[in-house]
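Novice: Structure provided below as structure tokens; questions to follow.
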């Protein structure tokens, strides 16, 4: 990951200067992040990110000229290694699904607190996928709409656990719903992580969407 003096390097992209400045100040105050550039539109951002190669780009989804998903597509096409965390005032599950398919490292509401944005940036820089719980219910519906089975990769119980995660349930909540112990859910969780090649619940849901595994 690109760092400067051991800090995570970030580019902030938003067409509203006031919001952009506020996010930049919040990230900088964390002491763990260095904002190395800002952009007010997608094309400017593409040039900046391609040139500076930050560890993370925090990108507004709704922008004139080139929206966040289009910018993400261009970065992936050009093999720019920067991980993209999209921000949006709207949490349309279809847009989130499309963003994850394009390779987004996460999706966050613009209503998120400063601490949540900082934590999300640091998580993404570590290679994790960030999906807020409030989006999970809509994503579960989107998974059902788009799912096309690719074979019994997971056991039925593992699929039940994964469906719970897609709905935003925690491990104790999944255990309660399935009438099994939390330790059993943790065992199933570890197994499905290994099968999907992921290390956290958000990444498991994203990979399941990519594979079309859930019904």
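In this note's numbering, the protein residues as written are 18 to 232.
Yeah, the Cβ is synthetic: ideal placement off N, Cα and C, and Gly gets one too.
Excluding the five sequence neighbours on either side, which residues of its own chain have a C-beta within less than 8 angstroms of the C-beta of residue 203, listed in chain order?
Specialist: Closer than 8 angstroms at Cβ, skipping near neighbours: 188.
Novice: Do residue 52 and residue 44 count as a contact pair if the criterion is CB distance below 8 angstroms?
Specialist: The answer is yes: Cβ separation under 8 angstroms.
Novice: With the cut-off set at 8 angstroms, would you say residue 89 and residue 123 are in Cβ contact?
Specialist: Taking 8 angstroms as the Cβ cut-off, residue 89 and residue 123 do not qualify as a contacting pair.
Novice: DSSP beta-bridge partners for residue 51?
Specialist: Note: residue 51 sits in a beta bridge opposite 26.
Novice: Assuming residue 133 and residue 105 form a contact by the criterion Cβ under 8 angstroms, report the distance between their Cβ atoms to the nearest whole angstrom.
Specialist: Their Cβ separation, rounded to whole angstroms, is 14 angstroms, which puts residue 133 and residue 105 out of contact at 8 angstroms.
Novice: Distance, Cα to Cα, residue 228 vs residue 222?
Specialist: Near 10 angstroms, if we compare the C-alpha coordinates of residue 222 and residue 228.
Novice: According to the neighbour-count rule (16 or more other Cβ atoms, all chains shown, within 10 Å of its Cβ), is residue 48 buried or exposed?
Specialist: Under this definition residue 48 is an exposed residue.
Novice: In whole angstroms, give me the CA-to-CA distance for residue 63 and residue 80.
Specialist: Distance between the alpha carbons of residue 63 and residue 80: 13 angstroms.
Novice: Which parts of the stretch 62 to 142 are runs of the beta strand (DSSP E), unbroken and 3 residues or longer, counting only runs that do not cross its ends?
Specialist: As far as the stretch 62 to 142 is concerned, its whole beta strand (DSSP E) runs of at least 3 residues are 73 to 77, 100 to 105 and 123 to 126.
Novice: Measure how close the beta-carbons of residue 61 and residue 41 come, nearest whole angstrom, since I'm counting them as under 8 angstroms.
Specialist: So it is not a contact: roughly 15 angstroms between Cβ atoms.
Novice: Classify residue 147 as helix, strand or coil using the three-state DSSP reduction.
Specialist: Residue 147: strand per DSSP, three-state reduction.
Novice: Looking at residue 58 and residue 32, is the spacing between their C-beta atoms short of 8 angstroms?
Specialist: Yes.
Novice: Compare the Cα-Cα distances from residue 212 to each of 179, 195 and 112 and report the closest residue.
Specialist: Of the listed residues, the one whose Cα sits closest to residue 212 is 179.
Novice: Going by DSSP, what residues sit across from residue 56 in a beta bridge?
Specialist: Paired residue(s): 30.
Novice: Between which two residues does the alpha helix (DSSP H) harbouring residue 193 extend?
Specialist: Taken as a continuous stretch (DSSP letters only), the alpha helix (DSSP H) holding residue 193 covers 188 to 195.
Novice: Can you look up residue 222 in the DSSP assignment and give me helix, strand or coil?
Specialist: Residue 222: helix per DSSP, three-state reduction.
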